[in-house]
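There are 2 protein chains.
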Amino acid sequence: MIEKVIKALKNSGYRITPIRRALFEILITSKKPISVDGLIRSLAKKGMKPNKTTIYRELASLKTGGFIKEVQFKSDCRMYEITSLGHHHHLVCTKCNTIEDVRMENDMKQYEKKIYKKMAFKIFEHSLEFFGLCRKCQ
Amino acid sequence: MIEKVIKALKNSGYRITPIRRALFEILITSKKPISVDGLIRSLAKKGMKPNKTTIYRELASLKTGGFIKEVQFKSDCRMYEITSLGHHHHLVCTKCNTIEDVRMENDMKQYEKKIYKKMAFKIFEHSLEFFGLCRKCQ
DNA sequence: CTAAATGCAAACATTTTGCATCAGA
DNA sequence: TCTGATGCAAAATGTTTGCATTTAG
């Protein structure tokens, strides 16, 4: 998994620096959106203390390259997830703040078609987040 | 419409100041989410030049009171809309940045039930935004 | 009259920019 | 070697706080 991403990065002209490799290890194993501070904490656990600026620049670059996706829940800070996890939605627990992914089979396709017919708005992308209580917090 | 809201505000103990009244006039006629800067621009057109702090405090207070709702699209700044418009979703044009509202009949209820069965996650709220091109920009 | 609303300055948090140095390929 | 990556300081942006003054009811 990680080596596949590394290869794709190389093909896109990115250099494989220790920080960048570590970032992807974190994003891949995290499996859920993670904030800049979360990334920096995870990097610290790996013994790396990169500058915040580096992380911001890195995330901007990887976003442009299509390797990561930015998501935003309510007023909270921006979070990032790796795109290779595929399209999905988020379950945000309003008590413990954990985030779970959820995949819906036929997704929103029929809704999007309906909307196009009704409003002539051509949809390319959507974001759907659910807020509530996770199993533990109920 | 505006007088109905004013009455509700009074009942909740809010004072009806010129700024507050103007804010609601703007939120009601706008019919779509509007940013702090947008609000300040609209107020300026009405000849009012309130401090930004006032607007932030006002929005925080009205949000707590349940009169307005905060929405956030991608990396863009926070936007606000009046809650009395009812639950709906947004169509965000990625070219001209205009926002349209869209209402979906049976909404997401069946999805939310499915998710509860599958993941034991109890949903209270959701936010759904579509990104694409509006009629004019296609 | 009195608590709520406002303005102003300053603090705070997050993100971005400029520039010099470093290092992957 | 040479350009992309990094660190550091400073700036820019968006939002909040403390405190004195004003004002709606």
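Protein chains in written order, with the numbering used here: chain A, 7 to 144; chain B, 7 to 144.
All C-beta atoms, glycine included, are put in the ideal place defined by N, C-alpha and C.
- [ ] Using 10 angstroms around the beta-carbon of Ser67 (chain B), count the other beta-carbons present and answer buried if the total reaches 16, otherwise exposed.
- [x] exposed
TODO: Starting from Met125 (chain B), find everything on chain A with Cβ-Cβ shorter than 8 Å and list it in chain order.
DONE: Leu97, Glu106, Val108 and Arg141
Open item on the list: By the three-class DSSP mapping on this structure, what secondary structure does Ile3 (chain B) have?
Closed with: There is no way to answer for residue 3 (chain B), as the model of chain B reaches only from 7 to 144.
Task: Gln117 (chain A): contacting residues in chain B (beta-carbon distance under 8 Å) - done: Sequence check: residue 117 (chain A) is Tyr here, not Gln. What Tyr117 (chain A) touches in chain B: Met110.
Task: C-beta neighbour in chain A for Leu134 (chain B), strict 8 Å - done: yes
Open item on the list: Starting from Lys51 (chain B), trace the alpha helix (DSSP H) in both directions and tell me its first and last residue.
Closed with: Val42 to Lys51
Task: Supposed close pair Lys80 (chain B), Cys143 (chain B) - CB separation, criterion 8 Å - done: The pair is not a contact, with the Cβ atoms about 17 Å apart (cut-off 8 Å).
Open item on the list: Just to confirm, is the Cβ distance from His93 (chain A) to Val108 (chain A) under 8 Å?
Closed with: no
Open item on the list: Using a Cβ-Cβ distance cut-off of 8 Å, determine whether Glu31 (chain A) contacts chain B.
Closed with: no
Task: Euclidean distance between Cα positions of Cys99 (chain A) and Cys83 (chain A) - done: 15 Å
TODO: Output, in chain order, the set of chain B residues within a Cβ distance shorter than 8 Å of Phe137 (chain A).
DONE: Ile129, Phe130, Glu131, His132 and Ser133
Open item on the list: Assuming the contact rule is C-beta atoms closer than 8 Å, Ser133 (chain B) and Glu135 (chain A) should be a hit. Round their C-beta distance to whole Å, please.
Closed with: 5 Å
- [ ] Anything in chain A within Cβ reach of Ser81 (chain B), meaning under 9 Å, just list it in chain order.
- [x] Glu76, Gln78 and Arg84
Task: Start-to-end residues for the beta strand (DSSP E) that takes in Gln78 (chain B) - done: Ile74 to Gln78
TODO: Please check if any C-beta of chain A sits within less than 8 Å of the C-beta of Ile40 (chain B).
DONE: no
- [ ] Consider the Cβ of Ile121 (chain A): report whether some Cβ of chain B lies at a distance smaller than 8 Å.
- [x] yes
Task: Lys128 (chain B) - partner residues in DSSP beta bridges - done: A:Leu139
Open item on the list: Cutting at 7 Å between CB atoms, please list the residues of its own chain near Glu31 (chain B), excluding the five before and the five after it.
Closed with: Ile8
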